[in-house]
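Protein chains in written order, with full-length UniProt numbering: chain A, 1 to 472; chain B, 1 to 472.
From the three backbone atoms N, C-alpha and C, an ideal C-beta is built for every residue, glycine too.
Remarks on the structure that follows.
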């Protein structure tokens with residue numbers, strides 16, 4: 001089956017666009033979440049929307065599943081390939097097609113690297129706001145699939161807030177344009193659908209004006225609790241920083257050993273607070289922020305861009321750095337209401353103490369998005385299971401505090417099993433109505449997001465007899 | 001059929017919740033767009049989500065169409081009833097269920113009046129940001145259906161940006177919750193679906209902190225062009241005002257005669273520019289704005305809230321006021337890229353001159369959302385047709401400049417016919433896939449938004465043989 005497809009693709013696409021050599025296929029066996037692996041049956045590297053559409057149609061005609069992949073930096077296995085399917089890789093669709101500064105937008109192909117958008121418009125005083133930690137390598141198409149966030153999304157919003165239109169190839173192989181104009185806002189449903197509703201082939205993104213002034217504070221606190229209190233005080237004062245990031249002692253230790261970021265010694269937690277905007281506002285609010293960090297034992301203000309970059313280096317390298325202090329780890333991604341932060345952090349600490357599993361906390365404190373790093377030694381029998389248990393228990397804490405199982409990494413294959421903890425069956429079935437409308441044969445990135453993909457037509461419609469249905 | 005439903009509803013709902021008296025039904029024959037009228041077959045006034053769900057299920061069981069209605073202030077006929085159907089009016093669902101200032105959100109029923117949300121939280125320093133001109137009477141449920149905007153949406157975003165979750169009754173009669181958590185962002189698709197994907201029964205809205213300072217400028221210009229140049233200069237300077245509204249001479253004349261707002265005499269156009277935010281920022285930027293209005297022959301700064309209210313009174317009463325200078329008029333709602341404003345305004349002026357049809361322009365200049373008021377005398381034979389022709393030609397101008405047929409009033413029944421001018425058949429069919437997924441029998445607000453509602457199952461899937469499909 002796949003051999004036939006490979007020949008079909010080779011006869012039409014440019015030479016070198018079809019990969020079926022088993023060794024080369026292994027390059028694509030996972031995304032950033034390496035616990036899930038599967039070599040794709042076939043890889044294609046299309047160069048246009050028409051080619052993507054043709055590949056999708058050919059797959060649909062033969063009943064072959066397909067998965068799209070950008071740079072493969074995702075952290076939920078959203079781009080995990082199918083051994084019986086085709087992996088459509090967008091790395092040859094890297095053109096910035098249009099930059100329109102007057103209307104503050106750019107049109108890009110899905111393989112364009114996130115940071116390259118900002119680089120292209122920075123000389124003109126603009127940037128692309130969503131800034132995942134992987135922004136040097138992740139692609140805009142992948143950002144769209146996962147509705148990616150980043151440290152500065154507290155103030156500026158997620159990818160969904162910066163995508164103005166998408167040309168997509170639907171799971172039928174149609175090329176259609178979604179925008180936020182009249183009619184249904186399918187753009188909103190598409191962004192963050194984790195590649196299950198089609199493949200973006202052209203993306204119109206909003207360009208954001210580079211702020212006049214930026215000020216960055218690194219504040220060191222004796223404990224997580226005192227740092228958390230400062231976060232509450234800052235947000236409570238009505239200040240919306242561009243970013244507030246927190247790292248606990250273990251995360252600081254890891255970052256320090258990896259990149260020598262020079263954070264104050266002996267801190268139980270550090271906060272990075274960045275303000276941006278008009279100079280007058282930043283100066284005024286920055287003074288407020290410094291005053292609100294009452295329990296910090298040391299505060300450092302970035303003197304210049306190089307100094308600011310060093311402060312951020314510790315934070316941005318934290319995930320990778322944890323590899324220095326632990327042979328293996330799980331990156332968790334949960335959300336809690338900001339007001340529940342202190343309780344949830346204390347509960348995570350108890351979980352860690354009771355289980356003997358170390359947890360390093362790195363998080364977007366301003367929007368309650370936690371990234372606990374659950375550490376373990378994969379050479380030690382049972383250690384991974386214990387870490388998985390703690391990791392799952394952290395998600396339960398997030399859910400029971402009114403939060404969510406994912407803030408920005410997506411559900412993918414990794415968290416599909418947790419979806420029923422957040423949603424009722426009716427909620428999930430309503431989402432699957434849409435999946436089935438777009439993709440009746442369930443070939444477009446199947447097995448992601450939903451714990452039990454419904455055969456289309458199998459979704460119960462009116463649920464008579466359930467409690468809310470008793471009225472008539 | 002409807003008689004049977006009326007009896008069924010009466011036997012379960014509270015007395016007075018079912019209306020079938022023809023005279024009383026006429027009260028509901030139109031929304032704010034009075035050119036389309038139809039008395040509903042039956043009106044029900046449910047008081048809970050369970051009652052709404054039960055009504056919907058009963059309708060579905062009998063194949064009877066139904067339409068939801070809030071306060072009936074919509075301007076596209078989105079709540080136009082069906083003579084053969086049930087109108088579900090949410091005016092008895094007016095409870096503010098929860099206010100959570102710590103997490104900056106409130107949970108309200110759909111019939112709650114927009115302004116009442118702000119009133120409830122104003123003493124605590126918060127407000128609900130989207131502010132349609134009808135905010136004193138329009139309902140949050142209607143705002144959700146239409147994704148309503150308002151003068152301050154330039155800075156703060158539309159309803160979709162302020163709705164965090166919705167409990168809805170699906171067209172099947174299920175009660176489900178949509179939020180922006182993991183899985184598909186159906187909340188985004190639901191907000192602005194004009195009541196075709198179900199009925200909101202509980203809405204979680206974001207509360208916005210009341211800004212520390214507000215400054216309002218009324219600037220009078222000799223012409224539309226000079227006022228437009230000031231708008232470009234302000235936006236071009238990177239300032240995002242809370243609002244920039246423009247009115248031309250005819251709109252000023254109307255407002256003046258209706259509410260004596262005291263705008264400077266002899267102005268070809270006035271701009272209202274409002275800035276809000278931290279005091280330091282507002283003061284700094286307000287000085288910039290004043291300097292950028294170089295061609296204004298008079299600038300007035302609101303001295304206090306009463307003065308500010310008077311400035312706004314002229315703008316907010318403009319639509320109604322036009323009734324003083326013309327027996328009848330059409331309120332148009334189109335969008336153009338901000339950069340195309342001068343050209344489009346000049347073209348509207350030419351259209352008006354050539355046709356002899358007067359056009360008063362009132363608009364949200366900052367986001368290019370035009371509200372041309374096309375005036376006519378309904379006693380004069382052919383006048384309405386001529387006005388309709390000009391009104392349609394204005395939409396064509398908006399579309400050909402890269403804009404949209406509606407900015408905030410929705411498509412409803414009124415603009416369905418224009419949808420094919422903006423979207424390809426594949427685009428529209430993709431939207432209808434979603435409508436059909438939610439509502440296969442097409443009973444939920446049928447006849448709105450889509451020019452040719454497809455029978456579900458009739459939507460062509462893979463469009464082989466079309467140009468983009470030639471590759472394989």
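Between which two residues does the alpha helix (DSSP H) containing residue i stretch?
i: residue 313 of chain A; result: 305-316
i: residue 22 of chain A; result: 22-26
i: residue 423 of chain B; result: Premise fails: residue 423 of chain B is in no alpha helix (DSSP H) and is neither H nor E.
i: residue 354 of chain A; result: 341-355
i: residue 50 of chain A; result: 49-62
i: residue 2 of chain A; result: 2-12
i: residue 388 of chain B; result: 383-400
Could you name the residues of the same chain whose beta carbon sits closer than 7 angstroms to that of residue i, not counting the 5 residues immediately before and after it, in chain order?
i: residue 147 of chain B; result: 158, 159, 160, 191 and 192
i: residue 125 of chain B; result: 209 and 210
i: residue 254 of chain A; result: 318, 321, 322, 324, 325 and 360
Less than 8 angstroms between the CB atoms is what I'm expecting for residue i and residue j, so what's the real figure, rounded?
i: residue 88 of chain A; j: residue 199 of chain A; result: 6 angstroms
i: residue 398 of chain B; j: residue 336 of chain B; result: 5 angstroms
i: residue 71 of chain A; j: residue 139 of chain A; result: 5 angstroms
i: residue 194 of chain B; j: residue 445 of chain B; result: 7 angstroms
i: residue 77 of chain A; j: residue 31 of chain A; result: 6 angstroms
i: residue 327 of chain B; j: residue 248 of chain B; result: So it is not a contact: roughly 20 angstroms between Cβ atoms.
i: residue 443 of chain B; j: residue 65 of chain B; result: 5 angstroms
Under DSSP, the beta strand (DSSP E) around residue i begins and ends at which residues?
i: residue 332 of chain B; result: Neither: residue 332 of chain B is in no beta strand (DSSP E) and is coded neither H nor E.
i: residue 202 of chain A; result: 199-206
i: residue 274 of chain B; result: 269-277
i: residue 369 of chain A; result: 369-376
i: residue 363 of chain B; result: 359-364
Please identify the residue among the options whose C-alpha is closest to the C-alpha of residue i.
i: residue 323 of chain B; options: B/374, B/337 and B/439; result: B/374
i: residue 293 of chain A; options: A/419, A/367, A/391 and A/237; result: A/237
i: residue 214 of chain A; options: A/286, A/77 and A/46; result: A/286
i: residue 33 of chain B; options: B/121, B/411, B/3 and B/43; result: B/411
i: residue 132 of chain A; options: A/316, A/171 and A/82; result: A/316
i: residue 449 of chain A; options: A/426, A/430, A/414 and A/424; result: A/414
i: residue 309 of chain B; options: B/277, B/218, B/376 and B/366; result: B/218
i: residue 345 of chain A; options: A/279, A/396, A/430 and A/82; result: A/396
i: residue 421 of chain A; options: A/382, A/78, A/21 and A/402; result: A/402
i: residue 107 of chain B; options: B/202, B/371, B/290 and B/149; result: B/202
i: residue 479 of chain A; options: A/296, A/295 and A/311; result: Examination of residue 479 of chain A is not possible in this model, given that chain A is present from 1 through 472 alone.
i: residue 81 of chain A; options: A/102, A/49 and A/41; result: A/41
i: residue 99 of chain B; options: B/43, B/165, B/1 and B/207; result: B/207
i: residue 181 of chain B; options: A/164, A/251 and A/423; result: A/423
i: residue 295 of chain B; options: B/224, B/259 and B/334; result: B/224
i: residue 365 of chain B; options: B/229, B/454 and B/441; result: B/229
Which same chain residues end up closer than 6 angstroms to residue i when comparing Cβ atoms and leaving out the 5 residues on each side of it in sequence?
i: residue 227 of chain B; result: 221, 246, 269 and 271
i: residue 134 of chain A; result: 73
i: residue 90 of chain A; result: 70, 110, 111 and 141
i: residue 436 of chain A; result: 456
i: residue 347 of chain B; result: 397
i: residue 136 of chain A; result: 115
i: residue 149 of chain B; result: 158 and 408
i: residue 367 of chain B; result: 154
i: residue 53 of chain A; result: 169, 173 and 175
i: residue 97 of chain B; result: 107
i: residue 260 of chain A; result: none
i: residue 473 of chain A; result: Residue 473 of chain A lies beyond the stretch modelled for chain A, which goes from 1 to 472, so this question has no answer here.
Take residue i and list the residues in its own chain whose beta-carbon comes closer than 8 angstroms to its own, dropping the five residues that flank it on each side.
i: residue 92 of chain A; result: 17, 45, 46, 47 and 111
i: residue 467 of chain A; result: Summary for residue 467 of chain A: the model assigns pLDDT 47, below 50, so the residue's position carries little reliability; its value from the coordinates is reported in the next sentence. Cβ within range, chain order: n/a, list empty.
i: residue 465 of chain A; result: With a pLDDT of 44 at residue 465 of chain A, under the threshold of 50, the modelled position of this residue cannot be trusted, and the question is left open.
i: residue 305 of chain A; result: none
Within the present structure, is the beta-carbon of residue i separated from the nearest heavy atom of the ligand MN by less than 7 angstroms?
i: residue 99 of chain B; result: As presented, the structure is devoid of all ligands, the ligand MN included, so that no description of it is given.
Whole alpha helix (DSSP H) elements within the segment 69-126 of chain B, 4-residue minimum:
114-121
Length at least 4, wholly inside the segment 210-254 of chain A: the alpha helix (DSSP H) runs in chain order
224-236
Runs of beta strand (DSSP E) wholly within the segment 142-189 of chain B (minimum 3 residues, chain order)
163-169 and 175-179
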